[in-house]
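Chemist: Position 47 (the sequence shown) corresponds to 1330 in this note's numbering; numbering is contiguous.
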Amino acid sequence: MRTVLVLNGPNLGRLGSREPDVYGSADLAQLRTLLVAAAPEDVTIDVRQTDDEAELIHWLYEAVDNAHPVILNPAAFTHYSYALRDAAALVTKAGIPLVEVHISNPHARETFRHTSVVSAIATGVIAGFGFDSYRLALDYIVRTP
Ligand code: DQA
1284 MRTVLVLNGP NLGRLGSREP DVYGSADLAQ LRTLLVAAAP EDVTIDVRQT DDEAELIHWL
1344 YEAVDNAHPV ILNPAAFTHY SYALRDAAAL VTKAGIPLVE VHISNPHARE TFRHTSVVSA
1404 IATGVIAGFG FDSYRLALDY IVRTP
């Protein structure tokens, strides 16, 4: 059984009610349902969310220690957290896929969102497709041995 960690950063626990014009009206429970339905039977989907940078970093260590592929929406940490980037680099340097995802297209938004300090060490980046950004990342991960 393979486990995919789906890690979500700050304020994503408010999906459903947070800026629905930008992020839609579905919540994390619905994201989990969508991904479980899309995953093959032998893949476990573990969706988590935290507002805490340290907790997110420790989950990335867990991914390294257990060789779990990661779908990471770093949320606002995307734009400035070098600590998160360094932890995410541990994942990809270990040869484990880590796909950075965004619900919105940050490049079509405020200038501060145009920079990601994570993208350069991610396996790939998918943004702007709503929850389908996660589903597309999962498609890639399940096809990667
Ligand atoms: C986000 C985009 C970020 O700029 C923002 O801070 C978020 C969500 C997205 O999924 O579109 O919290 O990562």
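C-beta atoms are modelled at their ideal positions from N, C-alpha and C, and glycine is treated no differently.
#1: Of the residues Asn1388, Thr1427 and Arg1396, which one's Cα is nearest the Cα of Gly1413?
#2: Taking a contact to mean a Cβ-Cβ separation below 8 Å, would you say Thr1406 touches Thr1375 in this structure?
#3: Is it buried or exposed for Gly1292, if we count other Cβ within 10 angstroms and need 16 for buried?
#4: Check whether the segment 1327 to 1342 touches the segment 1292 to 1302, counting contact only when three or more Cβ pairs, one atom from each stretch, lie closer than 8 Å.
#5: Could you tell me whether the Cβ atoms of Tyr1423 and Val1382 are closer together than 8 Å?
#6: Let me check one thing: in DSSP terms, what residues is Asn1291 bridge-paired to?
#7: Can you give, in chain order, each stretch of the beta strand (DSSP E) that sits fully within the segment 1347 to 1399 and has at least 3 residues?
#8: Using a Cβ-Cβ cutoff of less than 6 Å, which residues in the same chain neighbour Val1305 once the five nearest sequence positions on both sides are dropped?
Modeler: Once the coordinates are examined:
#1: Residue numbering aside, residue 1413 sits at position 130 when the sequence shown is read from its first letter. Nearest C-alpha to Gly1413: Asn1388.
#2: Translated into the one-based positions of the sequence shown, residue 1406 becomes position 123. Translated into the one-based positions of the sequence shown, residue 1375 becomes position 92. Yes.
#3: Start at 1 with the first residue of the sequence shown, and residue 1292 comes out as number 9. Gly1292 should be labelled buried.
#4: yes
#5: Position 140 of the sequence shown holds residue 1423. Position 99 of the sequence shown holds residue 1382. Their beta carbons are under 8 Å apart, which means Tyr1423 touches Val1382 by this criterion.
#6: Within the sequence shown, the letter at position 8 stands for residue 1291. For Asn1291, which the question treats as bridged, DSSP gives the partners Gln1332 and Asn1356.
#7: 1353 to 1356 and 1381 to 1385
#8: Here residue 1305 refers to the residue found at position 22 of the sequence shown. Only Ser1387 meet the Cβ criterion.
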